[in-house]
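For reference, the structure is listed below as structure tokens.
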Amino acid sequence: MNGAMYDSTFNVFFRLKYAKLYNAVLATPMRPSQVALGEIGWALLRGTIYAMAFTLVMVGLNLVRSPWAVLDIPVAVLIGFAFAAIGMTGTTFMKSWQDFDYVILASMPLFLFSATFYPLSIYPRPAQVIIACTPLYQGVVMLRDLTVGVVGPDLLWRAAYLAALGLIGLYASGRRIGKLLLV
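Laid out in structure tokens, this is it:
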């Protein structure tokens, strides 16, 4: 989440507002949706490298309990896709560097309350319902279940949720870049 999201926010903001890179790119036959796809794809490469490193550490520490864990890397890429796409969409609305406080304001609670550190059951019921709806929680459950071998159809619904979020963000990013630069 962090690698892909920060790559699609801070770097995109600099290229959009200061380097004016996308103005030059859109002077070619490329479309705004292709710019968004390229940036999100680049952010996913970074996220994939992080996922592979963490997976290797888990294997090295003998923390993997199931052969299903081989799907951890694609799931981590899916998580990165959702967050990179939504992060890039949010970046297109930012006016200054101070607006990145909102990125941290959104990502920190998602990280802390994703059931990574504590089980969902320790939270009050209203908080459990809210946490269970967040994208990072869905990703954490998928990764945990695959790593320990608890595989069921609910993993497909969680994957569809993350994929839909990523596709919505990808579409919105392309539209916003087009609005901002093709005036």
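Going by the numbering used here, the first residue of the sequence shown is number 16, and it counts up by one from there.
Here a beta-carbon is modelled for each residue, glycine too, at the ideal position from N, C-alpha and C.
All figures in this text were calculated on a predicted structure; none of them were measured in a lab.
Residue i and residue j closer than 8 Å at C-beta
{"i": "residue 80", "j": "residue 154", "result": "no"}
{"i": "residue 88", "j": "residue 180", "result": "no"}
{"i": "residue 24", "j": "residue 115", "result": "yes"}
{"i": "residue 99", "j": "residue 22", "result": "yes"}
{"i": "residue 171", "j": "residue 16", "result": "no"}
Counted within 10 angstroms of its Cβ, other Cβ atoms place residue i as buried (16 or more) or exposed
{"i": "residue 43", "result": "exposed"}
{"i": "residue 140", "result": "exposed"}
{"i": "residue 45", "result": "exposed"}
{"i": "residue 62", "result": "buried"}
{"i": "residue 28", "result": "buried"}
{"i": "residue 34", "result": "exposed"}
{"i": "residue 90", "result": "buried"}
Same chain, Cβ closer than 7 Å to residue i, neighbours up to 5 away in sequence not counted
{"i": "residue 104", "result": "184, 187, 188, 191"}
{"i": "residue 131", "result": "155"}
{"i": "residue 128", "result": "146"}
{"i": "residue 40", "result": "50"}
{"i": "residue 173", "result": "153, 156, 157"}
{"i": "residue 37", "result": "30, 31, 50, 192, 196"}
{"i": "residue 83", "result": "161, 164, 166"}
Neighbourhood of residue i by C-beta, 6 Å cutoff - its chain only, sequence neighbours within 5 removed
{"i": "residue 149", "result": "125"}
{"i": "residue 118", "result": "24"}
C-alpha gap between residue i and residue j, whole angstroms
{"i": "residue 69", "j": "residue 76", "result": "11 Å"}
{"i": "residue 96", "j": "residue 59", "result": "6 Å"}
{"i": "residue 92", "j": "residue 110", "result": "29 Å"}
{"i": "residue 53", "j": "residue 112", "result": "23 Å"}
{"i": "residue 86", "j": "residue 160", "result": "10 Å"}
Cutoff 8 Å; reference residue i; Cβ partners in own chain excluding five residues on either side
{"i": "residue 143", "result": "135, 136"}
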